[in-house]
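Peer 1:
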Amino acid sequence: MSAYTELERRFKRLDDLAGAQAQLQWDGAVMMPPGGASARADQLASLAGLSHELLLAPEVGELLQRAEAQSLDPWQAANRSEMRRRWRHATALPGSLVEALSQAASACEMTWRQAREDDDFASLQAHLESVVALTRQAAQAKAEAFGCAPYDALLEAYDPDTTWAQIAPIFAELEAFLPEFLAATVERQKLSPALPFEAEISPAAQRALAPELLAALGFDFDHGRLDESHHPFTGGTADDVRLTTRYRAEDFSHALMAVLHEGGHAMYERGLPASWRGQPVGQARGMTLHESQSLIVEMQACRSPEFLTWLAPELRQAFAVAGPAWQAENLIRASHRVEASLIRVDADEVSYPLHIILRTRLERALLADDLQVAELPGAWRDGMQALLGLTPANDRMGCLQDIHWPEGAFGYFPTYTLGALAAAQFFAAARAAEPGIPEALGRGDFGPLMAWLRPHVHALGSSLSSSEIITRATGAPLGTAAFRAHLEARYGG
3 MSAYTELERR FKRLDDLAGA QAQLQWDGAV MMPPGGASAR ADQLASLAGL SHELLLAPEV
63 GELLQRAEAQ SLDPWQAANR SEMRRRWRHA TALPGSLVEA LSQAASACEM TWRQAREDDD
123 FASLQAHLES VVALTRQAAQ AKAEAFGCAP YDALLEAYDP DTTWAQIAPI FAELEAFLPE
183 FLAATVERQK LSPALPFEAE ISPAAQRALA PELLAALGFD FDHGRLDESH HPFTGGTADD
243 VRLTTRYRAE DFSHALMAVL HEGGHAMYER GLPASWRGQP VGQARGMTLH ESQSLIVEMQ
303 ACRSPEFLTW LAPELRQAFA VAGPAWQAEN LIRASHRVEA SLIRVDADEV SYPLHIILRT
363 RLERALLADD LQVAELPGAW RDGMQALLGL TPANDRMGCL QDIHWPEGAF GYFPTYTLGA
423 LAAAQFFAAA RAAEPGIPEA LGRGDFGPLM AWLRPHVHAL GSSLSSSEII TRATGAPLGT
483 AAFRAHLEAR YGG
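Structure (structure tokens):
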């Protein structure tokens, strides 16, 4: 057995363990009774520790060295590179720190759920301090091993090859453009407000419609399912994708757009190269691309006038409603409504990047020890006021709203906005190549869009860098131009 073949065997085993962790995490968020939290944290920590031990086995480094002398085809060579990248991340951290961070994050996430419900930041503070301290240790250890800044080491785990030096000017451009554009759009929309959807739509009616929307998207229910959780997410594995949403009687659009958003994530997972299942090169390249695939579905496609015109009669039939508010023109107006808001997941695409800029600023300060966890609620309120002109009345509407920091996902937030930029570039390129995409969306048909995304994004897995995938598909590196053009076309009057 060659060194490379042995590495493939070992990394398939690691992928199996990662899949088991993913399903346990999904169960913890969806099905597990509260009393199972402590045992689940132990289980996840043990699996994280076992995976770390397998990756740190002394022979793995030797196998990688020997494999690098082998002549491999391009996909194998890319797989070998991804193996080494993961090995470098693992060897940078002691197993004790990996387990401690997993344990602390699991305990913090479970505490966050009740703290958020009770608007009780004090009950979360000590847990979050532990997660921040351990994350800081991990970031420093990786930075020393990789020869980079600590925050770049965390970014690399979510979006390989991306650095803060690349992100900072992009965020600066958005921060310079968006507040004024947001204010002007809000004022302009006051002249033609959307009619309210006066009827509350029962969660049961929304649950019945949600699978039909996923089916229209092309989601394969033989390889996935849709459930409910506190926070919409996509988990599981490429062959068993787990989607969740949450339903509100007073706002049907929240749940349905969350379903379509998560469906975009799921379509990416399902479109990854099947022949490379279980290997690093066969997995999603990073969260910028992942978020681009959810946002190209939700924001670019499903909030397009063409799709909303198709959706309007579907809603009238599914919800047994009628009247002017449920006509396509009003649905479009409501779906394109822009306003500064406190909750990130409910934000429109104009104000959303400002939420991300705030979170990125705060997490960078936390990790640099320039901001203490105890100061987070106040810093959040100040930041919201500065960027969006709003001050949350409580922490539930403020720094307790997101799951990311409690679960230890520092360095993740920037990818949401980078993904929005990539989605705009991908959609513009797809429409240029396939002019029939808007018309198809007007029939509820995602086939032409998915037919373009499959070879240009999904099927590439991690065989190329995110930058290479974006540049090849769109003809330009990631930037703000396509996103800004999209916003001006949709909201600029």
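Be aware that the sequence shown starts at 3, since it is given in the working numbering, and climbs by one per residue.
Built from N, CA and C at the ideal position, the CB exists for glycine as well.
Below 8 angstroms between beta carbons: does that hold for ALA24 and GLY284?
Peer 2: No; because the gap between Cβ atoms is not below 8 angstroms, this pair is not in contact.
Peer 1: State buried or exposed for GLY37, treating a residue as buried only when at least 16 other CB atoms are found within 10 Å of its CB.
Peer 2: Label assigned to GLY37: exposed.
Peer 1: Which residue marks the beginning of the alpha helix (DSSP H) containing GLU182, and which one marks its end?
Peer 2: It spans 166-191 - the alpha helix (DSSP H) in which GLU182 sits, taken as one unbroken run.
Peer 1: By alpha-carbon positions, which one of ALA94, ALA185, PHE412 ends up nearest to GLY391?
Peer 2: It is ALA185.
Peer 1: Sorted by chain position, which residues of the same chain lie with C-beta nearer than 8 angstroms to HIS232's C-beta, five sequence neighbours on each side aside?
Peer 2: Closer than 8 angstroms at the Cβ level, and outside the excluded window around HIS232, lie ALA31, ARG115, ARG118, ARG248, ILE405.
Peer 1: Just mark PHE415 as buried or exposed, buried being the case when its beta carbon has 16 or more other beta carbons within 10 Å.
Peer 2: With 16 or more other Cβ atoms within 10 Å, it is buried.
Peer 1: Whole angstroms is fine: what's the gap from LEU52's alpha carbon to GLY21's?
Peer 2: The alpha-carbon atoms of LEU52 and GLY21 are separated by roughly 13 angstroms.
Peer 1: For the structure I just gave you, are there three or more beta carbon pairs, one from the stretch 70-82 and one from the stretch 116-136, closer than 8 angstroms?
Peer 2: They do not touch, by the three-pair rule.
Peer 1: So, helix, strand or coil for ARG227, using DSSP?
Peer 2: Strand at ARG227.
Peer 1: Which of the three DSSP states, helix, strand or coil, is assigned to ASP121?
Peer 2: Coil at ASP121, not helix or strand.
Peer 1: For PHE235, which residues of its own chain have a beta-carbon under 6 angstroms away from its beta-carbon, when the five flanking residues on both sides are left out?
Peer 2: Within the same chain, PHE235 has close Cβ partners THR246.
Peer 1: Quick one, which of ARG433, LEU216, GLU230, SER83 has its alpha-carbon nearest ALA206's?
Peer 2: Comparing Cα-Cα distances from ALA206 to each of ARG433, LEU216, GLU230, SER83, the minimum goes to GLU230.
Peer 1: So, at 6 angstroms on beta carbons, what are the nonlocal neighbours of PHE199 in its own chain, with the 5 sequence-adjacent residues on each side left out?
Peer 2: Cβ neighbours of PHE199 beyond the five flanking positions: ALA327.
Peer 1: Per the contact definition of three or more C-beta pairs closer than 8 angstroms, is the stretch 268-287 in contact with the stretch 463-471?
Peer 2: The stretch 463-471, when compared against the stretch 268-287, does touch it at the 8 angstroms Cβ threshold.
Peer 1: I'd like to know if the stretch 54-70 and the stretch 79-99 are in contact, where contact means that at least 3 CB-CB pairs between them fall below 8 angstroms.
Peer 2: In short, these stretches touch, since the Cβ pair count reaches three.
Peer 1: The alpha helix (DSSP H) with THR482 in it runs from where to where?
Peer 2: Taken as a continuous stretch (DSSP letters only), THR482 belongs to no alpha helix (DSSP H), as it is neither H nor E.
Peer 1: Which residue's Cα is closest to the Cα of ARG456: LEU443, ILE471, ARG445, GLY444?
Peer 2: It is ILE471.
Peer 1: Go ahead and pull the three-state DSSP assignment for ASP397.
Peer 2: In this structure, ASP397 counts as coil in the three-state DSSP scheme.
Peer 1: Suppose you measure from the CA of ALA432 to the CA of ILE358; what does that come to, to the nearest Å?
Peer 2: Computed Cα separation, rounded: 26 angstroms.
Peer 1: Quick one: residues in its chain with C-beta nearer than 6 angstroms to the C-beta of GLN142, no 5 flanking neighbours on either side, listed in chain order?
Peer 2: The answer, listed in chain order, is PRO152.
Peer 1: Hey, could you find the ends of the beta strand (DSSP E) ARG244 is sitting in?
Peer 2: It spans 242-247 - the beta strand (DSSP E) in which ARG244 sits, taken as one unbroken run.
Peer 1: Considering just the uninterrupted stretch of the alpha helix (DSSP H) at GLY30, what are its terminal residues?
Peer 2: Here the alpha helix (DSSP H) through GLY30 covers 5-32.
Peer 1: Going by DSSP, what residues sit across from GLY237 in a beta bridge?
Peer 2: GLY237 pairs with ARG244.
Peer 1: Within its chain, find whatever has a CB closer than 8 angstroms to the CB of SER306; leave out the 5 residues flanking it on each side and keep chain order.
Peer 2: So the list reads PRO440, LEU443, once near-sequence residues are dropped.
Peer 1: Tell me whether the stretch 209-227 and the stretch 416-428 touch, counting them as touching only if at least three CB pairs, one residue from each stretch, are closer than 8 angstroms.
Peer 2: Contact fails: fewer than three Cβ-Cβ distances are below 8 angstroms.
Peer 1: Quick check: LEU262 and CYS304, are their CB atoms within less than 8 angstroms of each other?
Peer 2: In this structure, CYS304 lies closer than 8 angstroms to LEU262 by Cβ.
Peer 1: Locate the alpha helix (DSSP H) running through GLU441, then write down its first and last residues.
Peer 2: 439-443 is the extent of the alpha helix (DSSP H) around GLU441.
Peer 1: Taking one C-beta from the stretch 41-52 and one from the stretch 102-116 each time, how about it: are there three or more such pairs within less than 8 angstroms?
Peer 2: Short answer: they touch.
Peer 1: Express the C-alpha separation of GLU436 and LEU451 in angstroms, rounding to a whole number.
Peer 2: Looking at the two C-alpha atoms, the distance is approximately 8 angstroms.
Peer 1: By the three-class DSSP mapping on this structure, what secondary structure does ASP44 have?
Peer 2: Note: ASP44 maps to helix in three-state DSSP.
Peer 1: Could you check the C-alpha separation between GLY438 and ASP447 for me, to the nearest Å?
Peer 2: For GLY438 and ASP447, the distance between alpha carbons rounds to 11 angstroms.
Peer 1: Let me confirm a value: GLN319 is counted as buried when at least 16 other C-beta atoms fall within 10 Å, else exposed. Which label applies?
Peer 2: That one is exposed.
Peer 1: Quick check: what's the CA-CA separation for PRO181 versus ALA388?
Peer 2: When rounded, the distance between both Cα atoms is 10 angstroms.
Peer 1: Report yes if the C-beta distance between ALA113 and LEU126 is below 8 angstroms; otherwise report no.
Peer 2: Looking at the sequence provided, one finds Thr at residue 113 rather than Ala. In this structure, LEU126 lies closer than 8 angstroms to THR113 by Cβ.
Peer 1: With three or more beta-carbon pairs closer than 8 angstroms as the criterion, would you say the stretch 183-197 touches the stretch 346-357?
Peer 2: Yes, the stretch 183-197 touches the stretch 346-357.
Peer 1: For THR164, which option in GLU490, ARG492, LEU480, PHE485 has the closest C-alpha, if you only look at C-alpha atoms?
Peer 2: Closest option to THR164, Cα to Cα, is LEU480.
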